[in-house]
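Quick note on my numbering: the sequence shown kicks off at 2 and runs consecutively.
To keep things clear, I will list the structure first and then write my remarks on it.
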Amino acid sequence: MIRRARSGIVFGLSVVLALSTSAAVRGADASTRVEAHLAAGEFVAAAAAASELPAGEAAEAQARIRAARQGGDYAAQQRVSGAATPTAEQSQRPLSGSGADFQTLMDLIMEQTTGPWEELDGEGGTMTPFESGVRVDPQGVLSRVERQDLDGRLAAIGVRARKASLNEDVAAASDLRIVSLTRLEREVADRLARGERVLDSMKQLAGLSEIRYVFADSETGEILIAGPAEGWTIAANGAPVGAASGRPTLRLDDLVVVLRTFEPAARQMFGCSIDPRADGLKAVKSFVEDSQRRGPLASGQARRWAEQIGDLLGRQDITVYGIPTDSRVARVLVEADYRMKLIGVGKLEGGKDIPSYFDLIARQPGLAQGSLDALRWWLTLNTDEVLYSPDRDAFEIRGASVKCLSENQFLTASGERASTGKTEPINRQFAENFTRHYNDLAREQPVFADLKGVFDLALAAAIIRHEGLDTATGWNRGAFAQGGAYEPARYMAPKEVDSVVNHRVFNGRDVVVQVAGGVRADILATVSNPEIRRESDEVGQTAVKAKASALPEGRWWWDAAR
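Here's what the structure looks like:
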């Protein structure tokens, strides 16, 4: 919904907008329409408007349109064949826990209506997003397995990468698209210096949906990332997703955040946790023990009893570390972890293959012990292996996903959670199911795909840092460095969240489950672990082969030859 509040507009989760730059400039003269369509990246419409200009002006306009095409910024209606969807600069800001990108919708309104708007014109209306979804939670450990490539696959990939297909349409699907981080950073810095907006294609990393390769070329000073890519469209919640696959695109904002995390003076790891408050846990522990002594609940009392538990437990505190607390990365970590816990206690549907903790107990009621069960679930990176070349200038990531780990904890008399280092069967089974069916869940709930994307970006950033690829190529990260000119979108930092707790009765005993945990990314520790590295003599030339020659001026991405 959209409702106007005084001089502003407030957005809710049910917002679905379809505005058109073409409609906004329909009445303008041809020259003005060319500029408006170019600014929006609508090259088909810009070319049509240019055809109405006098011959000399038309030729000049068409030349600028061709140059803009080579830069890779394409309108949404070109990204999805035959669709008449509008283009707008995507700010990648999900302003609620559900991942909705209301800033995109706000930008569409401000850029494509007459206003005035206070943000653009210094006076007039304002727009304010409000949260109506989950907030956030996390903590976990990222692990990688590295080995050297022994079958020459990286070398073959390098040949394809070298023979770049200079496809001008960033919307075309590609099983291997290469993005030069060094060229991209230079182009972004130039645009910012000229006071121009960062192109949509830049913000979406040319449509990459995952990172499978990291290459470096010390001769040309190039650092490259590569993976599958496709055109994107805007989903109902305002988030950019692959036009065919529906998977979230990787985002420049997230890349810059994790690059800065792995700078020498930074923390070199990141994560977050949601922590129950000790006084609340103490009160709940006492309440449950008293209830057990009084015997089973009378009919009709269970609902009120569960509400009392929630009231006593109160809210949980959110801690984010190693990354800006107001970044989108922080939001993704927290929301994914919080949703995982809601699935675990049966408050959110995870699908038939990921039954809740209580569903699993129902299948084995003899394991129900009553009282207050304190569980810890956390998310971590799950990857089959990472191949690297002998010269350490080419890396391939295989089988990247996310896994859930578990632990049973116990509560002290003061309400503190104490680690046991062990996990009982039901607890472990939930975590194993969640891991086994994670990719299926990610297709249904995009925030879990977003989390995998963040892990991919973080691994690439950690490889660049640990292997000294920035030093080898002479790249100081420029606008992407800490304090650099590029500023990722900022959000109000989450501070607290509703406690994750639920209750069932088994064998006449009350079972209360309270969950903690989170996401913790200590990727450098894994990248530097010699026990998980594997090397291959057959991939030594991969970094050299991952180059494209004769690229147009300003071009920072290309597709490998098929």
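Positions of the beta carbon are idealized from the N, C-alpha and C atoms, including for glycine.
The structure presented is a predicted model; accordingly, all values stated were derived computationally and were not measured.
Closest to residue i by C-alpha separation, out of the options, would be which residue?
i	options	result
residue 404	206, 337, 505	337
residue 238	232, 52, 247, 497	247
residue 194	486, 400, 502	486
residue 453	366, 333, 470	333
residue 230	176, 191, 261, 265	176
residue 376	400, 424, 392, 314	424
residue 326	47, 36, 490	490
residue 311	284, 292, 218	284
residue 358	263, 407, 228, 560	407
residue 396	323, 224, 63	224
residue 322	268, 292, 344	268
residue 402	188, 384, 222	384
residue 204	240, 294, 217	240
residue 481	35, 191, 49	191
residue 66	56, 55, 47, 53	47
residue 503	208, 264, 306, 478	306
residue 467	393, 445, 505	393
residue 479	345, 435, 186, 362	186
residue 463	398, 426, 436	398
residue 281	472, 488, 314	314
residue 265	189, 465, 363, 426	465
residue 488	60, 189, 64	189
For the alpha helix (DSSP H) that residue i lies in, which residues bound it at each end?
i	result
residue 470	470-474
residue 362	358-364
residue 263	Unbroken run through residue 263: none, as it is neither H nor E.
residue 462	447-467
residue 331	329-345
residue 432	426-437
residue 203	201-204
Between which two residues does the beta strand (DSSP E) containing residue i stretch?
i	result
residue 290	Looking at the DSSP string, residue 290 is not in any beta strand (DSSP E); the run it does join, the alpha helix (DSSP H), is 279-295.
residue 389	386-389
residue 241	241-243
residue 216	214-218
residue 397	395-399
residue 497	497-499
residue 560	558-561
Which same chain residues end up closer than 7 Å to residue i when comparing Cβ atoms and leaving out the 5 residues on each side of it in sequence?
i	result
residue 316	497, 498, 499, 500
residue 140	With a pLDDT of 25 at residue 140, under the threshold of 50, the modelled position of this residue cannot be trusted; read the value that follows with caution. Closer than 7 Å at the Cβ level, and outside the excluded window around residue 140, lie 272, 273, 274, 379, 518, 519, 520, 521.
residue 450	248, 249, 443
residue 484	none
residue 476	183, 222, 224
residue 236	242
residue 324	258, 262, 271, 330, 331
residue 219	473, 474
residue 276	317, 318, 320, 517
With a threshold of 6 Å on Cβ separation, who are the neighbours of residue i within its own chain once the five nearest residues in sequence on each side are excluded?
i	result
residue 461	212, 215, 226
residue 354	438
residue 302	none
residue 470	217, 224
residue 434	355
residue 28	Reliability fails at residue 28, whose pLDDT of 40 lies under 50, so the model's placement of it is uncertain and no value is given.
residue 245	231
Is the beta carbon of residue i within less than 7 Å of some heavy atom of the ligand HEM?
i	result
residue 536	Absent from the structure shown: the ligand HEM. Ligands present: none.
Name, in chain order, the residues that DSSP records as bridge partners for residue i.
i	result
residue 175	230
residue 404	381
residue 319	275
residue 254	Its beta-bridge partners do not exist; DSSP assigns none.
residue 225	181, 216
residue 306	BP columns for residue 306 are empty, so no partner.
residue 485	Bridge partners of residue 485: none, in fact.
residue 235	241
residue 520	273, 380
residue 552	DSSP output for residue 552 lists no bridge partner at all.
residue 209	230
residue 249	242
Apart from the five residues just before and just after residue i, which ones in its own chain have a Cβ nearer than 8 Å to its Cβ?
i	result
residue 455	255, 259, 330, 333, 334
residue 31	50, 51, 53, 54
residue 210	228, 229, 230, 231, 243, 246, 248, 249, 250, 251, 454
residue 197	none
residue 346	357, 358, 359, 501, 502, 503, 514, 516
With 8 Å as the threshold, decide whether the Cβ of residue i is near any Cβ in chain D.
i	result
residue 276	Considering every chain present, this structure includes no chain D. It has just one protein chain.
Is there contact between the segment 426-436 and the segment 181-194, where contact requires at least three CB pairs shorter than 8 Å? Two segments are said to touch when three or more pairs of C-beta atoms, one from each, lie closer than 8 Å; by this definition the segment 426-436 does not touch the segment 181-194.
Is there contact between the segment 288-295 and the segment 346-353, where contact requires at least three CB pairs shorter than 8 Å? These segments do not touch.
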